[in-house]
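Counting in the numbering used here, the final residue of the sequence shown is number 1562, and the numbers go up one at a time with none missing. Positions of the beta carbon are idealized from the N, C-alpha and C atoms, including for glycine. Here is the structure we will look at, set down as structure tokens.
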Amino acid sequence: MTKLTDMQLVLLTTACQREDGSVLPPPETLADQADRIRKAVEALIKKGLATEQEGMTAAQVWRTDGDLTIGVVVTDAGRAIIAPPADTNAGAEDKTGKETDGPATPPAPRPASKQSMLIDLLKRDGGATLDDIVKATDWLPHTSRAALTGLRKKGHAIEKSEVEGTTRYQIAVTA
């Protein structure tokens, strides 16, 4: 995934809303930040999210080369970042004819990932303590707690219990 600054996102979004796809002129909210805009546009061109195009109007000029006026327009790659292709499974009907909002079961994690390692730890008898998770994944404690929250959001039923003064986390294994 390409990381973009707020400035780059604003410029791409504005360009995608224009019929001609021109990155310039910038929105009025950015008009007083010429140096930052120049750097952002240069980065977009380097990343292939925008490209130079000849024959632009005076307001759209990025640079000139003799009598040529050269502007910058968003590329298909830039448009894909702003408006990614729609998910073909969203709102799909299941075999009973009922519309579904998404997956009925939590998605399976990639094999050999830290997330799959965390799930394995939580599925074992007795579950895992926060220290167990930190040691197994090399995450910091706050990152480990955030990963537990992420698993809950994905639909995993994580149970929290207190055993001898230590908090243990466990995923209930269904038979």
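Per-residue burial, residue i [other beta carbons within 10 Å of its own, 16 or more giving buried]
i            : result
residue 1404 : exposed
residue 1344 : Any answer about residue 1344 is impossible in this case: the structure gives the chain only from 1388 up to 1562.
residue 1410 : buried
residue 1462 : buried
residue 1514 : buried
residue 1402 : buried
residue 1559 : exposed
residue 1391 : buried
residue 1455 : exposed
Nonlocal neighbours in the same chain, by C-beta distance under 7 angstroms from residue i, ignoring five residues either side
i            : result
residue 1519 : 1508
residue 1475 : No answer about residue 1475 holds up, because its pLDDT of 48 lies below 50 and its placement is not dependable.
residue 1430 : 1395
residue 1400 : 1469
Distance CB(residue i)-CB(residue j) smaller than 8 angstroms
i            : j            : result
residue 1458 : residue 1443 : yes
residue 1436 : residue 1470 : no
residue 1530 : residue 1553 : no
residue 1412 : residue 1446 : yes
residue 1502 : residue 1534 : yes
Residues of its chain near residue i, where Cβ-Cβ distance is below 6 angstroms and the 5 sequence neighbours each way are ignored
i            : result
residue 1450 : 1457
residue 1408 : 1402, 1460 and 1461
Cutoff 8 angstroms; reference residue i; Cβ partners in own chain excluding five residues on either side
i            : result
residue 1528 : 1517 and 1521
residue 1532 : 1517
residue 1389 : 1434, 1436 and 1468
residue 1555 : 1513, 1514, 1515, 1516, 1547, 1548 and 1549
residue 1448 : 1411, 1456, 1457 and 1458
Closest residue to residue i among the options (Cα-Cα distance)
i            : options             : result
residue 1420 : 1438, 1400 and 1395 : 1395
residue 1511 : 1546, 1540 and 1551 : 1546
residue 1418 : 1398, 1429 and 1524 : 1398
residue 1523 : 1504, 1448 and 1422 : 1504
residue 1393 : 1427, 1406 and 1415 : 1427
residue 1526 : 1425, 1400 and 1500 : 1500
Rounded Cβ spacing between residue i and residue j (contact assumed at less than 8 angstroms)
i            : j            : result
residue 1441 : residue 1432 : Actually they do not touch by this definition, with Cβ atoms about 14 angstroms apart.
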